[in-house]
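Numbering-wise (full-length UniProt numbering), the sequence shown opens with residue 1 and increments by one. Built from N, CA and C at the ideal position, the CB exists for glycine as well. See below for the structure under consideration.
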Amino acid sequence: MTYKDVYDSWKADPEAFWMEAAKGIDWVEAPTRALDDSNAPLYEWFSDARVNTCWNAVDRHVEAGRGEQVAIIHDSPITHAKREITFVELRNRVATLAGALRAKGVAKGDRVIIYMPMIPEALEAMLACARLGAIHSVVFGGFASNELAVRIDDAKPKAIIAASCGLEPGRVVHYKPLLDGAIEQATHKPEFCVIFQREQEVANLEEGRDFNWHGFQYGVQPAECVPVEGNHPAYILYTSGTTGAPKGVVRPTAGHLVALNWSMKNIYNVDPGDVFWAASDVGWVVGHSYICYGPLIHGNTTIVFEGKPVGTPDAGTFWRVISEHKVKSFFTAPTAFRAVKREDPKGELIGKYDLSCLQAIFLAGERADPDTIEWTQAKTGKPVYDHWWQTETGWTIAGNPVGVEPLPVKLGSPTVPMPGYDIRILDEGGHELPRGELGAIAVKLPLPPGTLPTLWNAEARFKKSYLEHFPGYYETGDAGMVDEDGYVYIMARTDDVINVAGHRLSTGGMEEVLAAHPDVAECAVIGVSDDLKGQMPLGFLCLNSGCNRPHEEIAREVVQMVRDRIGPVAAFKLAVVVDRLPKTRSGKILRATMVAIADGKDYKMPATIDDPVILDEIREALREVGFAAA
């Protein structure tokens with residue numbers, strides 16, 4: 001079947017399409033129908049089914065005789081440790097941890113917060129919750145106490161599972177004091193905490209509340225899988241909200257299982273037994289969907305990597321892991337390759353490793369600029385596929401269905417909509433725009449299985465955030481267009497479309513031009529306030545390692561490039577060189593914060609920021625080029 005056949009078959013009969021996909025899951029009670037639209041615009045999938053996520057991710061592979069297959073490979077260049085866990089070992093470990101949680105009163109529907117680094121125990125904690133029907137909420141390890149406290153008060157967990165510390169190149173991140181501070185600040189108090197003690201730091205435990213991971217599990221009865229309803233929440237994942245209060249995205253159990261299982265073959269083209277690696281973190285949606293659940297549900301080996309694209313020890317670490325563990329399909333963020341390219345612009349380290357096992361590279365998490373894709377294609381000789389999705393959707397909205405039919409890559413486009421997603425481009429009034437015109441990207445309801453049905457304890461906020469602006473549609477918050485061939489282009493967040501003297505311009509389009517300069521490793525464009533034109537674009541440039549040309553010269557060249565390729569209408573006149581860009585820990589550039597600094601406005605320090613010191617560097621660079629407000 002071609003992509004068109006598959007997409008058309010979904011469109012012709014969505015119910016039949018998803019009921020067929022549901023056959024890939026082990027049900028306790030199979031669904032009798034796919035979609036429940038009785039409470040529209042709040043839709044649910046497979047709600048009358050009964051199922052268990054942990055059974056589908058772990059036990060069924062053991063029962064099928066594949067218990068000796070490696071389920072998890074842990075590779076930590078920071079600790080120089082590597083280990084493998086088979087499916088049968090994983091089942092036993094998860095069942096024991098679940099038994100210990102059950103003995104302390106954790107049951108179906110209870111919430112458990114997980115606050116851990118990139119170690120297999122983080123996945124075991126997630127799966128143990130799923131085994132019991134408890135709802136987990138993973139908070140990125142090392143998050144500040146006040147942010148963790150906000151999540152404790154929202155989720156009201158019965159228990160918190162944490163590690164004593166996390167490890168960054170050259171430093172230990174002390175988790176336990178952050179956890180203690182959060183519990184002290186929070187109004188809601190967990191009944192108990194389980195602490196995994198790492199040898200790099202053994203934390204002090206509070207008597208009566210804190211339990212050592214190993215002692216906690218000693219002598220308990222392993223727990224069986226608890227069946228839950230198809231619409232039972234599998235987890236809550238907090239994403240930053242525009243108001244500063246985080247939004248708790250709810251992931252429904254049955255739709256999550258069906259969608260992720262479908263995606264592993266049809267999008268990423270892996271078969272059971274193949275090694276799949278998503279270089280992300282369990283604190284992000286990619287870590288949930290494609291480090292923990294997706295690969296394990298589909299019977300793949302997944303890699304838990306504790307390291308960085310550069311500096312652990314060099315820009316060749318990705319290639320080493322791929323070569324050593326025979327990775328077939330690799331998924332990371334464009335920012336990771338920009339870091340690699342900056343350190344090793346000629347790609348010399350790639351030649352040290354045998355990448356013959358690798359069939360494809362997938363990028364997501366932010367816009368993949370054409371220059372990064374072209375560099376990666378040229379240096380690795382592998383196909384590179386951008387794809388676009390969100391924390392809210394949990395899996396691909398638009399991508400290249402490589403397991404169905406690899407479509408031609410168009411640089412700047414994540415390719416085409418996946419089954420379940422009817423993408424429309426709308427103007428401010430909600431009217432559909434013709435092909436090729438820039439507008440707000442919306443998805444006609446209902447969204448497909450696996451996507452958020454609501455926000456945790458915040459239905460009114462869910463409707464206001466996603467459904468009210470364009471009735472009958474899910475508002476993605478992204479701006480872009482669809483071309484004549486049906487390819488989707490994500491040009492910017494809606495907030496990043498700037499209005500220069502009445503012209504709506506995409507900052508992403510300008511970033512493409514800047515990134516094409518041979519000395520530029522990474523860049524960002526923001527719109528800053530201007531009395532005459534409303535907004536003016538301002539470019540930030542990070543240069544390749546070893547580049548020693550005058551910064552003013554490079555800035556002049558990129559200004560001219562934008563003028564040549566986009567035209568004078570862009571009014572692009574100013575670019576500033578900085579050492580690094582402010583980012584979240586998942587690699588997203590904090591453009592809104594940079595705009596606030598340039599315009600001299602107050603801003604809330606983003607909870608997810610990787611290194612707050614960078615904001616001072618940005619402020620200083622702006623002052624140097626005349627932004628007195630900064």
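Measuring CB to CB, does residue i end up less than 8 angstroms from residue j?
i       : j       : result
Val-488 : Val-482 : yes
Leu-538 : Ala-598 : yes
Val-226 : Lys-158 : no
Leu-505 : Val-520 : no
Glu-20  : Ala-607 : no
Arg-209 : Cys-193 : yes
Gly-546 : Asn-499 : no
Pro-370 : Glu-511 : no
Asn-300 : Val-275 : yes
Asp-386 : Leu-349 : no
Leu-90  : Ala-71  : yes
Gly-181 : Tyr-175 : no
Val-416 : Leu-426 : no
Val-258 : Ala-22  : yes
Lys-573 : Val-559 : yes
Return the chain-ordered list of same chain residues with a C-beta closer than 6 angstroms to the C-beta of residue i, the five sequence neighbours on each side being excluded.
i       : result
Thr-242 : Its pLDDT being 49, under 50, Thr-242 is placed unreliably by the model, and nothing is read from it.
Tyr-238 : Arg-151, Pro-246 and Gly-248
Ala-134 : Val-106, Asp-110 and Val-112
Leu-615 : Pro-582
Val-270 : Met-264, Phe-276, Asn-300, Lys-328 and Ser-329
Thr-372 : Pro-334, Phe-337 and Arg-338
Glu-121 : Phe-196
Pull up the distance between the alpha-carbon of residue i and that of residue j, whole angstroms please.
i       : j       : result
Pro-414 : Ile-267 : 12 angstroms
Glu-224 : Leu-132 : 8 angstroms
Glu-63  : Gln-69  : 12 angstroms
Ser-465 : Phe-143 : 25 angstroms
Thr-86  : Arg-623 : 55 angstroms
Ala-16  : Met-264 : 20 angstroms
Val-321 : Leu-260 : 24 angstroms
Tyr-218 : Gly-99  : 10 angstroms
Ile-618 : Arg-367 : 22 angstroms
Ile-554 : Ala-621 : 16 angstroms
Asn-92  : Cys-129 : 14 angstroms
Leu-467 : Arg-83  : 45 angstroms
Ile-297 : Arg-565 : 46 angstroms
Ala-458 : Ser-137 : 16 angstroms
Arg-580 : Ser-586 : 15 angstroms
Gly-403 : Lys-4   : 13 angstroms
Ser-529 : Pro-568 : 18 angstroms
Ile-195 : Ile-119 : 13 angstroms
Lys-308 : Arg-102 : 36 angstroms
State the beta-bridge partners of residue i as determined by DSSP.
i           : result
Pro-537     : Gly-527
Cys-542     : Glu-522
Cys-165     : His-174
Asp-75      : Lys-82 and Phe-305
Pro-233     : Pro-252
Ala-575     : Gly-539
Tyr-115     : Ala-162
residue 633 : Since the first residue of the chain shown is 1 and the last is 630, residue 633 is not available in this structure.
Gly-480     : Gly-439 and Ile-490
Thr-415     : Val-488
His-385     : Looking at the sequence itself, residue 385 is Tyr, so the reference to His does not match. For Tyr-385, which the question treats as bridged, DSSP gives the partners Phe-362.
Arg-198     : Glu-201
Lys-583     : Ile-589
Thr-239     : Lys-247
Phe-46      : Answer by DSSP bridge pairing: none, since Phe-46 is not bridged.
Asn-212     : Ile-195
Skipping 5 residues on each side, what residues in its chain have a beta carbon closer than 8 angstroms to that of residue i?
i       : result
His-256 : Thr-53, Ala-234, Tyr-293, Gly-394, Pro-449 and Gly-450
Val-443 : Ile-397, Tyr-421, Asp-422, Ile-423, Arg-424, Tyr-473, Tyr-474 and Thr-476
Asp-37  : Tyr-43 and Pro-446
Thr-391 : Leu-237, Thr-239, Val-249, Trp-284 and Val-285
Gly-230 : Pro-31, Glu-44, Trp-45, Phe-46, Ser-47, Asp-48, Ala-49, Arg-50, Val-51, Pro-252, Thr-253, Ala-254 and Gly-255
Glu-428 : Ala-440
Taking 7 angstroms as the limit between beta carbons, can you name the residues of its chain near residue i, skipping five residues before and five after?
i           : result
residue 639 : In the structure displayed, the chain extends from 1 to 630; residue 639 sits before or after that span and is not available.
Thr-312     : Pro-77, Ile-78 and Pro-169
Trp-55      : Asp-26 and Cys-225
Lys-11      : none
Are three or more beta carbon pairs between the segment 225-234 and the segment 244-261 nearer than 8 angstroms?
Yes: the two stretches touch, three or more of their Cβ pairs being nearer than 8 angstroms.
Whether or not the segment 42-58 and the segment 276-284 are in contact is what I'm after, with contact meaning three or more pairs of Cβ atoms, one per stretch, closer than 8 angstroms; do they touch?
Short answer: they don't touch.
Counting Cβ pairs, one atom from each stretch, are 3 or more of them under 8 angstroms apart for the segment 342-356 and the segment 369-388?
The segment 342-356 vs the segment 369-388: in contact.
Evaluate the contact criterion for the segment 72-86 versus the segment 311-330: three or more CB pairs, one atom per stretch, below 8 angstroms.
Taking 8 angstroms as the limit for Cβ pairs, the verdict is that the segment 311-330 does touch the segment 72-86.
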